[in-house]
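Colleague: Shown below is the structure under consideration.
2 protein chains.
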Amino acid sequence: MSAHSESGPALTMRDVAARLGVSPMTVSRALRGQRGIGEATRQRVLAEVAALGYRPNKRARELRSGGPNELIGLVVTNLANPFYSQLAVGLEQICVGYGARVMLGSTGEDPATEREVVADLVDRGVDGLVVAPAGHDHSHLGGTRLRDLPVVLAASPPMGIDVDCVLVDDFGGTREACRRLVARGHRRIGFLGLPPSLWTGSERFRGYAVALEEAGIALDERYISRHRGDSALAEEAAREMLALPDPPTALLTANNRNTVGALRALRDRTQDQEPVALAGFDDIELADMLHLPLTVVSYDPVELGRAAATLLFERQASTAPQPPRRVTIATTLVDHPAPR
Amino acid sequence: MSAHSESGPALTMRDVAARLGVSPMTVSRALRGQRGIGEATRQRVLAEVAALGYRPNKRARELRSGGPNELIGLVVTNLANPFYSQLAVGLEQICVGYGARVMLGSTGEDPATEREVVADLVDRGVDGLVVAPAGHDHSHLGGTRLRDLPVVLAASPPMGIDVDCVLVDDFGGTREACRRLVARGHRRIGFLGLPPSLWTGSERFRGYAVALEEAGIALDERYISRHRGDSALAEEAAREMLALPDPPTALLTANNRNTVGALRALRDRTQDQEPVALAGFDDIELADMLHLPLTVVSYDPVELGRAAATLLFERQASTAPQPPRRVTIATTLVDHPAPR
DNA sequence: CTGTTAGCGCTTTCAA
DNA sequence: TTGAAAGCGCTAACAG
Numbered sequence: 001m002s003a004h005s006e007s008g009p010a011l012t013m014r015d016v017a018a019r020l021g022v023s024p025m026t027v028s029r030a031l032r033g034q035r036g037i038g039e040a041t042r043q044r045v046l047a048e049v050a051a052l053g054y055r056p057n058k059r060a061r062e063l064r065s066g067g068p069n070e071l072i073g074l075v076v077t078n079l080a081n082p083f084y085s086q087l088a089v090g091l092e093q094i095c096v097g098y099g100a101r102v103m104l105g106s107t108g109e110d111p112a113t114e115r116e117v118v119a120d121l122v123d124r125g126v127d128g129l130v131v132a133p134a135g136h137d138h139s140h141l142g143g144t145r146l147r148d149l150p151v152v153l154a155a156s157p158p159m160g161i162d163v164d165c166v167l168v169d170d171f172g173g174t175r176e177a178c179r180r181l182v183a184r185g186h187r188r189i190g191f192l193g194l195p196p197s198l199w200t201g202s203e204r205f206r207g208y209a210v211a212l213e214e215a216g217i218a219l220d221e222r223y224i225s226r227h228r229g230d231s232a233l234a235e236e237a238a239r240e241m242l243a244l245p246d247p248p249t250a251l252l253t254a255n256n257r258n259t260v261g262a263l264r265a266l267r268d269r270t271q272d273q274e275p276v277a278l279a280g281f282d283d284i285e286l287a288d289m290l291h292l293p294l295t296v297v298s299y300d301p302v303e304l305g306r307a308a309a310t311l312l313f314e315r316q317a318s319t320a321p322q323p324p325r326r327v328t329i330a331t332t333l334v335d336h337p338a339p340r
Numbered sequence: 001m002s003a004h005s006e007s008g009p010a011l012t013m014r015d016v017a018a019r020l021g022v023s024p025m026t027v028s029r030a031l032r033g034q035r036g037i038g039e040a041t042r043q044r045v046l047a048e049v050a051a052l053g054y055r056p057n058k059r060a061r062e063l064r065s066g067g068p069n070e071l072i073g074l075v076v077t078n079l080a081n082p083f084y085s086q087l088a089v090g091l092e093q094i095c096v097g098y099g100a101r102v103m104l105g106s107t108g109e110d111p112a113t114e115r116e117v118v119a120d121l122v123d124r125g126v127d128g129l130v131v132a133p134a135g136h137d138h139s140h141l142g143g144t145r146l147r148d149l150p151v152v153l154a155a156s157p158p159m160g161i162d163v164d165c166v167l168v169d170d171f172g173g174t175r176e177a178c179r180r181l182v183a184r185g186h187r188r189i190g191f192l193g194l195p196p197s198l199w200t201g202s203e204r205f206r207g208y209a210v211a212l213e214e215a216g217i218a219l220d221e222r223y224i225s226r227h228r229g230d231s232a233l234a235e236e237a238a239r240e241m242l243a244l245p246d247p248p249t250a251l252l253t254a255n256n257r258n259t260v261g262a263l264r265a266l267r268d269r270t271q272d273q274e275p276v277a278l279a280g281f282d283d284i285e286l287a288d289m290l291h292l293p294l295t296v297v298s299y300d301p302v303e304l305g306r307a308a309a310t311l312l313f314e315r316q317a318s319t320a321p322q323p324p325r326r327v328t329i330a331t332t333l334v335d336h337p338a339p340r
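If you read the protein sequences in the order shown, they are chains A and B. Residue numbers for the first sequence follow UniProt numbering, beginning at 1 and rising by one. Residue numbers for the second sequence follow UniProt numbering, beginning at 1 and rising by one.
Right, here's the structure in full:
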């Protein structure tokens, strides 16, 4: 029977001190490896602590010392979205290196919920926040109400507020994908996108528009659909485009939901119909196992999470005010050929 | 300019009380909606609190009151795995209903890391833990060391410890999938599985074995491969099986990694080769868009997370000791036809 | 109904 | 090198 097996109310530093006939301060000093304590005493204390299985109360420690709580808040719309869960993984990777943990908050894309969640995380003592914002106005994240905590926005640049942010190269990635389609001879390229109110929506559309302009191809409203990222709507829009008298020979999709919709729309086309090329933002698991070839704009959300954490800890370390920084993650174009 | 715009050191209850000329207790009572305070006073206090943007310090409150911290720890191997991120979503859904938040810990499948993470979460004052364990011995989660906190194991039953757990019907789901293959006339069914040391590995294999036994089919070692869930290894194993003199006419895979491996192995088969049927545990996004038909054992990890949270809060509510409970989530068999 | 006292578990500050 | 006192922000317990 080891000494830990005793249960009951958690041990306090006083208990440990009492058993050793020393003051709590001695235990405290030994535990924190603070100098100004005899080596022999320290050993005796540490041995007793180990034997008792005593663990100091972090909350009390932080309350008194006023130091950082080594806690980062992560606010996302929906963790089931692989983009956000991978972001969380990257964030946590860096956090553990700083001895920090991640506290989670989901907003379900509702700005009001986001506000509450952020406030709650702040009340719980996070040292900083990574927020993938639900709305397009971010002034509620203003430093003042947040006890001047550092905030990093993810996947969207700050609007109405000056904070750091980490972004994906939405514009560059989409332009490159569109260029590839153009290089393969496509002139009628349909765009299935996100609403312009979303940063990603407007940036990815801009990539499409610029690539077409570079190729001397005029934008054609009939080939452009911009709605929320719902695969069913995207599928419908794709079907409509493909039913035009002069249908697009290629589709460019602004995110994986749109890509899925497009894939479904292309699913039932017969061999004798003109094949339609497809390129899209966001990689897709098993893309190489689909029944048709697919080109995707790929990037690493884990890296995005790491970048966000790094900005946060750097900001935390420096007391001097620094201008807001912006980190943009590169994308790569990946061709997934179809199985024969 | 609203009153919040003042920054500086966070306000305390004392500050609010001082401005109103009342005692901190009055503010405390008003804030918690405690009765035994005049309605007029309460309004006055709440108005001032709102005007000042004062937010009580939750950590101090919890330290003093000794009550629950409304915090649940979630320990998983890798949040990038959709199974775990969906589990997290379900857990959080229930938590918000109880005013609780989720603190995250990743183990990377390392039992030693798991131990540390769990200890850290406990030190940080979680009221309970949901753990998807990395190893197969769980005695380090024993109540004693955890300050008698409630623990719920996810996806694995407790070994060497008595706690609640939530499981997927690994056995039943696999048996059903295998039965379906048998019903379609298959007699030589290859199994691509997980090592028997994993609970899911042994249960899913058992489902396979029982279904075969029911059909009067003897197990054949040549058709059985049990390794870690790595799709490359699974692909290799599948290729070997298919190269046998009398190859299996169907493959049954024990998880999505194995399914992906099998799909890749089947990818390059030509039209004139015998088609090989495929069934597997875990649903796959876009399964209906693959180049071959696939039957999957589907279930809802979000539901698993909800169940875990529910067990946790129920256990927390009842002081009387209750025997460990086990919740098993049902699976359904889903047929994904291939596109033509 | 409101205020005072004490103390949650720990650490800062100061004294020995 | 060690200890005693005081208090982080808040609330239980007991006054008034």
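Heads up, the beta-carbon is just placed ideally off N, CA and C, and yes, glycines get one too.
1. Go to residue 347 of chain A, then tell me how far its beta strand (DSSP E) extends in each direction, as first and last residue.
2. When you compare each of B:Pro82, B:Leu266, B:Arg147, B:Glu274 to B:Ala238 by their alpha carbons, which one comes out closest?
3. Of all the CB atoms in chain B, is at least one closer than 8 Å to the CB of A:Met13?
4. I want to verify the contact list: residues of chain A whose CB lies under 7 Å from the CB of B:Gln86, in sequence order.
5. Is it buried or exposed for B:Arg136, if we count other Cβ within 10 angstroms and need 16 for buried?
6. So who's on the other strand from B:Asp335, going by DSSP bridges?
7. Are there 16 or more other CB atoms within 10 angstroms of the CB of B:Ala47, so buried, or fewer, so exposed?
8. So, B:Val296 versus B:Val334, is the Cβ gap smaller than 8 Å?
9. Just grab the DSSP bridge partners of B:Gly105 for me.
10. Evaluate A:Pro245 with the Cβ neighbour count: other Cβ atoms within 10 Å of its Cβ, from every protein chain shown; 16 or more gives buried, anything less gives exposed.
11. Please work out which residues of its chain come closer than 6 Å, Cβ to Cβ, to A:Ala211, disregarding the five sequence neighbours upstream and downstream, and give them in chain order.
12. Look up B:Gly184 in the DSSP assignment and say whether it is helix, strand or coil.
13. So the candidates are A:Thr310, A:Asp268, A:Ala309; which of them puts its Cα closest to the Cα of B:Leu290?
14. Below 8 Å on C-beta distance, what does B:His291 contact in chain A?
15. Tell me, please, whether the CB atom of B:Met241 is closer than 8 Å to any CB atom in chain A?
16. Determine the extent of the alpha helix (DSSP H) in which B:Gly90 is found, giving its start and end residues.
17. Could you tell me whether the Cβ atoms of A:Ile161 and A:Leu312 are closer together than 8 Å?
18. Starting from A:Arg267, follow the alpha helix (DSSP H) in both directions and report where the run begins and ends.
19. Using a Cβ-Cβ cutoff of 8 Å, what residues of the stretch 237–269 of chain B are near chain A? List them in chain order.
20. If you measure from the beta carbon of B:Asp120 to each beta carbon in chain A, is any gap under 8 Å?
21. B:Ser225 bridges to which residues according to DSSP?
22. Determine the DSSP secondary structure at B:Gly33, reduced to helix, strand or coil.
23. Taking only beta-carbon positions, decide if B:Ser23 is within less than 8 Å of chain A.
24. Is there at least one Cβ from chain B nearer than 8 Å to A:Ile284's Cβ?
25. Use the C-beta contact count for B:Thr332: other C-beta atoms within 10 angstroms, 16 or more gives buried, fewer gives exposed.
26. Using C-beta distances below 6 Å, list every residue in its chain close to A:Leu263, excluding the 5 sequence neighbours before and after it, in chain order.
27. Where do the N-terminal and C-terminal ends of the beta strand (DSSP E) with A:Arg326 fall, by residue?
28. From the beta carbon of A:Arg59, is the nearest beta carbon of chain B less than 8 Å away?
29. Under 8 Å Cβ-Cβ, which residues of chain A neighbour B:Val126?
30. How close, in whole Å, do the beta carbons of A:Leu198 and A:Ser225 come, if the pair is a contact with beta carbons under 8 Å?
31. Does any residue of chain B have a CB that is nearer than 8 Å to the CB of A:Leu52?
32. Just reading off the alpha helix (DSSP H) that A:Gly135 is part of, what are its end residues?
33. Measuring alpha carbon to alpha carbon, tell me which of A:Leu233, A:Gly229, A:Asp220, A:Arg257 ends up nearest A:Pro247.
34. Put B:Thr144 into one of helix, strand or coil per three-state DSSP.
35. Taking 7 Å as the cut-off, is the beta-carbon of B:Val89 closer than that to any non-hydrogen atom of the ligand NAD?
36. Going by DSSP, which residues form a beta bridge with B:Asp164?
Modeller: Looking at the coordinates:
1. Here chain A covers residues 1 to 340 and nothing more, so residue 347 of chain A does not appear.
2. B:Leu266
3. no
4. Ala80
5. Here the sequence assigns His to residue 136 of chain B, which means Arg is not the residue at that position. B:His136 should be labelled exposed.
6. B:Thr295
7. exposed
8. yes
9. B:Val75
10. exposed
11. Arg175, Cys178, Arg179
12. Going by the sequence as given, residue 184 of chain B is Arg instead of Gly. Reduced to three states, the DSSP call for B:Arg184 is coil.
13. A:Asp268
14. Met289, Leu290, His291, Ala338, Pro339
15. no
16. 82–97
17. no
18. 256–267
19. Val260, Leu263, Arg264, Arg267, Asp268
20. yes
21. B:Leu192
22. coil
23. no
24. yes
25. exposed
26. none
27. 326–329
28. yes
29. Within chain A, no residue comes near B:Val126; the closest Cβ sits about 10 Å away, beyond 8 Å.
30. Actually they are not in contact, since the Cβ atoms of A:Leu198 and A:Ser225 sit about 14 Å apart, beyond 8 Å.
31. no
32. No alpha helix (DSSP H) holds A:Gly135; DSSP gives it neither H nor E.
33. A:Asp220
34. Any reading at B:Thr144 must be qualified, since the residue scores a pLDDT of 47, below 50, and its modelled position is unreliable; the value itself is stated next. Three-state result, B:Thr144: helix.
35. The ligand NAD is absent from the structure shown, which contains no ligand whatsoever.
36. B:Val152
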